[in-house]
Amino acid sequence: MTNLQYFNQAVEILLESGNEDAVFDTECIFEKAFGINKTQYFIRKNDTADTEKAEDFLRMIERRKNYEPLQYILGQWEFYGLDFKVGEGVLIPRPDTEILIDYVLENKVSDNPIIYDLCSGSGCIGITVAKNIESAKVYLSEKSPLAYKYLEENIGLNGTTNVYPYLKPIPEVLEDFPEADIIISNPPYIKSDEVPFLQKEVQLEPTMALDGGEDGLYFYRLLKDYAIPKLKKGGYIIVECGDTQARDVAEIFETDIILKDYSSIERAVVKRKE
Ligand SMILES: C[S@@+](CC[C@H](N)C(=O)[O-])C[C@H]1O[C@@H](n2cnc3c(N)ncnc32)[C@H](O)[C@@H]1O
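Quick note, the working numbering runs 98 ahead of the 1-based positions in the sequence shown.
Here it is in structure tokens:
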């Protein structure tokens, strides 16, 4: 069979499973399996495909058909221009989260800030900030051993040296951290009873990364009680939240600084320490 025939077969399988991005997903998986990108594909589409690679390709398409997230199948995803390893047990970095990075890079507070990334998952926030502010020291806390494995791998992948990862949960880990200039967190924020009704792909991401307690706000109260007291005067905390939660989080933090994401949705809250 030719490359073209395998490609078309895969698109059809994914379309039948209701995948609205069947062509894009096939392109990504095709490149991963055959090492042939979109441009090369047009020149080589009538070549006979390598059988072993084709078997791998169809296995990956089958996984996608069963709603495994594309990013887990590829094993790597981009966030703020950097690559992060991802797979079962770790949340996939989302573009919404990039507004937190923009804000921190524009509001560094000090020449060599102490920064926390709490609930760090893959490390996409902490590692990106550490890469962009080389004089910073970034402390990361993650509770899940599975996610922590990816965090460690991503520190190596990005050659980051100014980071201090802890496999220890909040609030306990905060006792080990020095006072902070900036605290960043994208905590779990889905209401517990909504988790079972999320999109099939999202349900395959770890519950520990999603479940924000009965009203989805559990972690913001925890951050208010335990993390904000660790801020130096003039420092601030910035958190991501769900698309209807910003007002509630602002009330918990007693602030009125709310930031919108690139789709104009209220997505982050900032509290400054006077
Ligand atoms: C929404 S995910 C965010 C991951 C990453 N920061 C990102 O933006 O992609 C939340 C993460 O918090 C972790 N987590 C849950 N409870 C925690 C706790 N008490 N302390 C530290 N991490 C926790 C989860 O395992 C998960 O990796």
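Backbone N, C-alpha and C fix where the C-beta goes; we use that ideal spot for every residue, glycine too.
Only a predicted model underlies this, so the values are computations on that prediction, with no experimental measurement involved.
A278 has its Cβ no nearer than 7 Å to any heavy atom of ligand 1.
Taking the Cβ of P263 as the reference point, every heavy atom of ligand 1 lies at 7 Å or farther away.
Here K328 is buried: its Cβ has 16 or more other Cβ atoms, across all protein chains shown, within 10 Å. Of all alpha-carbon atoms in F140, K229 and S283, the one lying nearest the alpha-carbon of L321 is that of S283. Taking the Cβ atoms as the reference, D313 lies roughly 24 Å from I197, outside the contact range of under 8 Å.
The beta-bridge partner set that DSSP reports for F182 consists of W175. Contact annotation: D274 and K330 have beta-carbon atoms that are not nearer than 8 Å. In terms of CA proximity to P285, G221 leads the group P276, L168, K163 and G221. When V367, G332 and S361 are compared, the shortest CA-CA separation from K206 is found for G332. The beta carbons of A234 and P263 sit no closer together than 8 Å. Where G332 is concerned, the enclosing beta strand (DSSP E) starts and stops at L329 to E338. Exclusion of the five residues before and after K151 leaves A131 and F132 as the residues of its chain whose Cβ lies within less than 7 Å of its Cβ. The closest CA to that of N101, considering only K136, L113 and G116, is found on K136. One alpha carbon belongs to E251, the other to K183, and they sit about 7 Å apart.
In this structure, Y334 lies near V368, with their beta-carbon atoms less than 8 Å apart. Counting of Cβ neighbours within 10 angstroms places I231 among the buried residues, the total reaching 16 or more. Shown here, A366 sits in a strand according to DSSP, grouped into three states.
In terms of Cα proximity to S239, the closest of L265, T259 and A228 is L265. By the criterion of a C-beta distance shorter than 7 Å, A228 is surrounded in its chain by A234, V236, T258, N260 and V261, once the five residues flanking it on both sides are discounted.
Where L255 is concerned, the enclosing alpha helix (DSSP H) starts and stops at P243 to L255. Per DSSP, A307 lies in no beta strand (DSSP E) and is assigned neither H nor E. Remark: the C-beta of N284 is in contact range of ligand 1, defined as less than 7 Å to any heavy atom. In the three-state DSSP reduction, I127 falls in the helix class (H, G or I). DSSP places D215 within a strand segment (E or B) once states are collapsed to three. Within 10 angstroms of the beta-carbon of S242 lie 16 or more other beta-carbons, which makes it buried. Bridge partners of S283 according to DSSP: L216 and V337. With contacts defined as CB atoms closer than 8 Å, L315 and D354 fail to qualify as a contacting pair.
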